[in-house]
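Numbering (this note's numbering), first residue to last: -19 to 745. The beta-carbon is built from N, C-alpha and C at its ideal position, and this holds for glycine as well. Source: prediction; values computed, not measured. Read the structure below first, then the notes.
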Amino acid sequence: MRLRTLLVWLAVVPTVAMGVQVLISSDRSVQEARHLRKDVVAGRQTGVPLYRLMTTLQAERAITAAWWSGMPVSGADLRERRTDTDRAVAVFLKSPDPDQLHSDRAKDRLRDVERRLADLGAQRERADARHGSPDESVDYYTDVISGTIRCYGDFNHVDDGGLRQEATSLVALFSAAEVVARENAILALSGPSGKLTSARFGEFVEAVGASDYLYDTVTLDLPLDDQDALQRILTSNAWQAKSRIENVIVSEHRDVSSGVVLPSDVSDWRAAYSTFSAQLNTLDESELKELLAHSDDRAAELENQVVLLVAASGAALLLVVAVVVFTTRSVLRRLRSLHDRTVAIAEETLPDVVDRLQRGETVSSDALPQPRGEQDEVGRVSDAFARVVAVSVEGHRKLADERQGFSVFASGIAARTGNLVSRQLALTEHIQDAFGQDEALLAELMTSDQLTVGMRRQIENLLILAGGEISDPHMEPMRIADLLREAAAEVEDFRRIDRHAMDETSVEAGVISQLSHLLAELLDNATRFSPPTARVAIRSELVGDGLCIEIEDRGPRVTAEKYEEMNGRLHSAPPYSVLARNAQRLGLFVVGNLADQLGATVTLRRSAFGGTSAVVIVPGEHLVPAQESTAAPRPAKKPAAPSPVSQPAEERRPKLVARQPTGDPADDPAPDASGLPRRPRKEQVRQAANTAPETPTPSGSGDAPGRPALPERVPQTHMTQRLREPRAAEPVGQDAATPEEVADAWADYEDSTRQAELELRQDQS
-19 MRLRTLLVWL AVVPTVAMGV QVLISSDRSV QEARHLRKDV VAGRQTGVPL YRLMTTLQAE
41 RAITAAWWSG MPVSGADLRE RRTDTDRAVA VFLKSPDPDQ LHSDRAKDRL RDVERRLADL
101 GAQRERADAR HGSPDESVDY YTDVISGTIR CYGDFNHVDD GGLRQEATSL VALFSAAEVV
161 ARENAILALS GPSGKLTSAR FGEFVEAVGA SDYLYDTVTL DLPLDDQDAL QRILTSNAWQ
221 AKSRIENVIV SEHRDVSSGV VLPSDVSDWR AAYSTFSAQL NTLDESELKE LLAHSDDRAA
281 ELENQVVLLV AASGAALLLV VAVVVFTTRS VLRRLRSLHD RTVAIAEETL PDVVDRLQRG
341 ETVSSDALPQ PRGEQDEVGR VSDAFARVVA VSVEGHRKLA DERQGFSVFA SGIAARTGNL
401 VSRQLALTEH IQDAFGQDEA LLAELMTSDQ LTVGMRRQIE NLLILAGGEI SDPHMEPMRI
461 ADLLREAAAE VEDFRRIDRH AMDETSVEAG VISQLSHLLA ELLDNATRFS PPTARVAIRS
521 ELVGDGLCIE IEDRGPRVTA EKYEEMNGRL HSAPPYSVLA RNAQRLGLFV VGNLADQLGA
581 TVTLRRSAFG GTSAVVIVPG EHLVPAQEST AAPRPAKKPA APSPVSQPAE ERRPKLVARQ
641 PTGDPADDPA PDASGLPRRP RKEQVRQAAN TAPETPTPSG SGDAPGRPAL PERVPQTHMT
701 QRLREPRAAE PVGQDAATPE EVADAWADYE DSTRQAELEL RQDQS
């Protein structure tokens, strides 16, 4: 995404967010004003009639209780109260449909009051016939009145703290007035005898405490003017008389078996109640009207706020758009200039400087960007980038110097150590030649020789990873079969390696040591990760791209992810930090480095036997036709070189001296420590098998030139006599076996001996 687009989005997002916020706030204010308008209308059309219904129900409840208890109540007064209640009910029922209210709870409250008022006629008939009890009749009126008070708590749901507090105070005033009216009804139930049931007396005591608490609490939440009006009522003579009568009733009542007998002062209650109840009703109704007026004012205020908010927001949005356009154009112009300079440095200057440093060339400071000292933010960024480039170049310079210094240091250490190892190998070879007749000593010397060869290979690994090259003493191409044998001889457990050269070809002299070292590393891994008794096969075959050498082991199963990781090591030159983390597993890095030098490819994959198969493709440019190659000369002594070099396999093995036959059958069959029985090479055996005629071989054309022919078996005769006949002695000095044939004979002898020992152990078990 382009920076221009980002800046536009940076302007659009807050602008849209601001517009959405204005829209939401405006919508909220509009909705709140609309709800307030509906609440005001509902309060005027429903709330006021509902309050008058509440007061008439309180008066009817008191006179009904007095009439039922036998107090001197005239029928005209009772009918008058009921007529007032009926008029209030009719006005309430003519109010708008409750569905017009925005509060579902308020709608349910109003419907509940309407359902309860439907039973008013039945309650009056039961009271006239004195069916039931006076408590049931009083409780009916109390439930209806409580329902009307709860309606007021659900009318106003506007998120305005002042209006909500005012509505809460109004509901508290209505509740406090209802508590006092309930006291009046309870005292009316005492009748001329002045007796109450224990339950009713308990309700009276609770009502006294509740009324005092409610009026003390609500006084603190009212406006100052209303507080003064309420205090005038609470300090009036009528209210004082009320408080005195309550205290006398609570403290001087008498408990009898049928209930509680009230003191005679209860007769003064009706006069006091009629005085302060009218004052309370006036105060409550004025508070209701003030709440409706305040709600109406608040709705108008919210509507004005919406208009102002929309106008101010529109002006602010236009200003934001103008500032964004100006800022975007200015920033983009400066950033475009910075972009052109930094891209040129990053894509042209810096890569060229780094390449020159890696090649060891010197870089002048004039080729690097210089700080310009500009004071604006973009200029400071440009100067900071120039300083970053300078620091980066300096770091690359130091890194190149350190890497080159380390490579020289590691190469020097490897060269010195390699010379020591070469001298150690020469000494081992001398001891083998001098004391090779001792079989035990010869075996130990061979083990020491193999360990020393492994040490030299590790030193060569260090030289390769340090950036050096292995010098090659070979002067002539080498047959691939000899190369495979030389690579196998580098491995400590070389006896488990089976070599198969499928095609006759040779490798040019300049890459013999490198290719032999590469194969030795792969063979070492194959033998170390395979079971001790498993064989490792290495085979070579000519393919279209050159020479394919495959090494197959029987090691543990490796996951596809692990193969991908290992192949990555073979195709990328790791930094020293990666080498340090893999100090115990450097073989693959060495193989990858040698493959890069040779132009070869190495791939690890799962073999058909469940192990790992390493496939090496040697380019055809390193191959020489077999007819043009000759056996590589074996220098008698390892030349001293500035760096370790590979040593031919024959130098690392004890020299084998052919034993001259004595003619005594008892002496010739078994080999001793210094000699082996002469055996033809595998290739000669195969050739002889393919070309030999079916007729017996005549004397003088045996399996080796100059050797006597083997005795022929005649049917129906025993060979014992013929075997006892003396044979002609082999001519001395006629053995034309090459060192490669002697090495093959030694390997065949070891394989046969190991197979015989294995069969012997199986027979014994």
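- Inclusion of L167 and P114 in the CB contact set at 7 Å is not warranted, their separation being larger than that value.
- The alpha-carbon separation between A13 and R278 amounts to approximately 7 Å.
- Note that the C-beta distance between E267 and L153 is below 7 Å.
- Annotation: the continuous beta strand (DSSP E) that includes I518 extends over 516 to 523.
- In this structure, the CA atom of S510 is about 14 Å from the CA atom of V471.
- Taking 8 Å as the upper bound for CB-CB distance, S493 and I450 are in contact here, some 5 Å apart.
- Residue environment: F474 is assigned as buried (16 or more neighbouring CB atoms within 10 Å of its CB, all protein chains considered).
- The C-beta distance from N441 to V570 rounds to 5 Å, short enough to meet the 8 Å contact threshold.
- In the structure shown, V151 falls within a helical segment according to DSSP collapsed to helix, strand and coil.
- T44 and Q285 have their alpha carbons spaced roughly 52 Å apart.
- Across the set Y132, G171, T408, the C-alpha of Y132 shows the shortest separation from the C-alpha of V20.
- For V241, there is no enclosing alpha helix (DSSP H); the residue is found in the beta strand (DSSP E) stretching over 239 to 241.
- E163 is the residue among E163, E60, R95 whose C-alpha sits nearest the C-alpha of I225.
- Excluding its 5 nearest sequence neighbours in each direction, A161 has C-beta neighbours in its own chain below 6 Å: Q38, listed in chain order.
- For T177, the CB contacts under 6 Å within the same chain, skipping 5 residues up- and downstream, are G239 in chain order.
- In this structure, DSSP gives H480 an extended state, which the three-state scheme calls strand.
- DSSP places L348 in the coil class of the three-state scheme, outside both helix and strand.
- Excluding its 5 nearest sequence neighbours in each direction, R130 has C-beta neighbours in its own chain below 7 Å: R89, listed in chain order.
- Taking C-beta separations shorter than 6 Å and ignoring five residues to either side along the sequence, the partners of E484 in its chain run A606, following chain order.
- DSSP lists E530, T583 as the beta-bridge partner residues of V595.
- DSSP places S486 in the uninterrupted beta strand (DSSP E) bounded by 485 to 487.
- In this structure, D525 is the residue among S593, D525, E541 with its C-alpha nearest to the C-alpha of G579.
- Under DSSP, K175 forms a beta bridge with V241.
- For D235, DSSP records a beta bridge to V240.
- A distance below 7 Å between beta-carbons, with the five flanking residues on each side excluded, links W219 to the following residues of its chain, in chain order: I213, F256.
- Taking the Cβ atoms as the reference, L58 lies roughly 38 Å from S275, outside the contact range of under 8 Å.
- Taken atom to atom, the span from the alpha-carbon of L464 to that of I518 is near 8 Å.
- For a cut-off of 8 Å, the C-beta gap from L30 to T128 is around 5 Å, short enough to register as a contact.
- V487 places its beta carbon less than 7 Å from that of M458.
- L574 places its beta carbon 7 Å or farther from that of L499.
- Rounded to the nearest angstrom, the gap between the Cα atoms of E158 and L242 is 22 Å.
- For V538, the three-state secondary structure derived from DSSP is coil.
- 7 Å or more divides the Cβ of L400 from the Cβ of V369.
- Counting C-beta pairs with one atom in each stretch, the segment 203 to 213 and the segment 183 to 194 have fewer than three that are closer than 8 Å, which means they do not touch.
- Going by beta carbons, L194 and A156 fall inside the 7 Å limit.
- Comparing alpha-carbon positions, the option among R436, H410, Q430 lying closest to R396 turns out to be R436.
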